[in-house]
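*Asks:* Quick one: this structure, given as structure tokens, is what I'll be asking you about.
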Amino acid sequence: MSSISQSIEQLQTEISDNVTLVAVSKFHSNQAILEAYEAGQRIFGESKVQEMTAKYKELPKDIQWHMIGHLQRNKVKYIADFVSLIHGVDSPRLLKEINKQAQKYHRKIPCLLQVHIAQEDSKFGFDKEELYDFLNSTDFCQMENISIKGLMGMATNTDNKEVIKKEFNFLKSLFLDLKNELLPNINTLSMGMSSDYPIAIGCGSTMVRIGSRIFGNRNY
Ligand SMILES: *Cc1c(COP(=O)(O)O)cnc(C)c1O
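This note's numbering numbers the first residue of the sequence shown as 397 and each following residue consecutively.
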């Protein structure tokens with residue numbers, strides 16, 4: 397058995413049935429993806445539009461492709477017909493473009509709103525106040541071709557578990573507040589990567605995005 401299928405199987409026993417595993421295959425080959433596919437994995441995450449589109453064309457059609465990276469507005473059109481979930485929606489203008497492109501294909505594109513929870517400036521996302529302002533706006537109410545499924549966040553890149561835990565707990569409580577107050581149908585909380593997914597699951601994650609733990613290191 398390959399180490400890729402072993403990792404998939406280990407992860408599937410480690411995480412419970414109500415946590416969804418997104419296998420982050422960015423920078424890895426079709427061959428590597430097929431090994432994970434043979435082990436039963438159907439959800440793959442990519443961070444570059446061109447790479448995801450090429451893989452979509454070449455690989456089995458029952459794969460669900462998640463866009464997990466920072467998405468530029470001018471590239472939404474290339475993935476709008478097949479993407480199954482966009483994790484990193486970080487601005488009203490991006491969501492508006494996704495809505496517009498989804499309309500062309502007569503579909504509703506599932507999206508997660510990315511929230512800035514890390515200490516680093518470089519991580520994209522809404523802050524709490526921006527999120528509430530936007531969700532209460534008429535702009536948002538008029539978007540009929542997107543479906544908000546929940547939130548996504550990335551913790552600070554640190555060895556300090558307490559910092560990571562605090563950030564994930566913040567996101568979880570924001571998720572619950574939004575569910576109670578504005579978006580009763582949200583059910584997805586995407587948080588946790590190779591280095592911090594056990595903490596994320598402990599804090600209530602329902603979807604983990606794991607790359608190097610499955611496929612090994614990436615060669616950029
Ligand atoms: C690359 C990436 C991951 C996976 O990271 P690993 O450390 O390889 O598990 C998860 N989420 C996002 C947004 C990424 O860009």
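Glycine residues also receive a C-beta, built at the ideal position from the N, C-alpha and C atoms.
Could you tell me the distance, in whole angstroms, from the CA atom of residue 427 to the CA atom of residue 451?
*Replies:* Roughly 11 angstroms separates the two Cα atoms.
*Asks:* Under the criterion of a Cβ to heavy atom distance below 8 angstroms, does residue 606 qualify as lining ligand 1?
*Replies:* Yes, Cβ of residue 606 sits closer than 8 angstroms to a heavy atom of ligand 1.
*Asks:* Under the assumption that residue 582 contacts residue 541 (Cβ atoms under 8 angstroms), give the Cβ distance between them as a whole number of angstroms.
*Replies:* No, residue 582 and residue 541 are not in contact; Cβ-Cβ is about 17 angstroms, not under 8 angstroms.
*Asks:* Expressed to the nearest angstrom, what Euclidean distance is found between the alpha-carbon atoms of residue 521 and residue 553?
*Replies:* About 16 angstroms.
*Asks:* Residue 558: which of 480, 596, 534, 517 sits nearest, CA to CA?
*Replies:* Cα-wise, what sits closest to residue 558 is 596.
*Asks:* Given 8 angstroms as the limit, tell me if residue 550 has its C-beta closer than that to any heavy atom belonging to ligand 1.
*Replies:* At least one heavy atom of ligand 1 is nearer than 8 angstroms to the Cβ of residue 550, so yes.
*Asks:* Using C-beta distances below 7 angstroms, list every residue in its chain close to residue 447, excluding the 5 sequence neighbours before and after it, in chain order.
*Replies:* Hits under 7 angstroms: 422.
*Asks:* By the DSSP assignment, the alpha helix (DSSP H) with residue 449 in it spans what residues?
*Replies:* 445 to 454 is the extent of the alpha helix (DSSP H) around residue 449.
*Asks:* Using 10 angstroms around the beta-carbon of residue 563, count the other beta-carbons present and answer buried if the total reaches 16, otherwise exposed.
*Replies:* Burial call: buried.
*Asks:* Report buried or exposed for residue 545, applying the criterion of at least 16 other Cβ atoms within 10 angstroms of its Cβ.
*Replies:* It is buried - the Cβ of residue 545 has at least 16 other Cβ atoms within 10 Å.
*Asks:* Could you check if residue 502 is buried or exposed, using at least 16 other CB atoms within 10 Å of its CB as the buried criterion?
*Replies:* Exposed, by the Cβ-count rule.
*Asks:* Give the DSSP bridge partners of residue 605, in chain order.
*Replies:* Answer by DSSP bridge pairing, in chain order: 418.
*Asks:* Buried or exposed for residue 572, please, with buried defined as at least 16 other CB atoms from any protein chain shown within 10 angstroms of its CB.
*Replies:* Flag for residue 572 reads exposed.
*Asks:* Less than 8 angstroms separating the Cβ of residue 420 from some heavy atom of ligand 1?
*Replies:* Checking the Cβ of residue 420 against ligand 1 gives yes.
*Asks:* In the DSSP assignment, find the unbroken beta strand (DSSP E) run with residue 460 in it and report its ends.
*Replies:* Note, residue 460: beta strand (DSSP E), 460 to 463.
*Asks:* When you compare each of 489, 612, 548 to residue 533 by their alpha carbons, which one comes out closest?
*Replies:* Answer by Cα proximity: 489.
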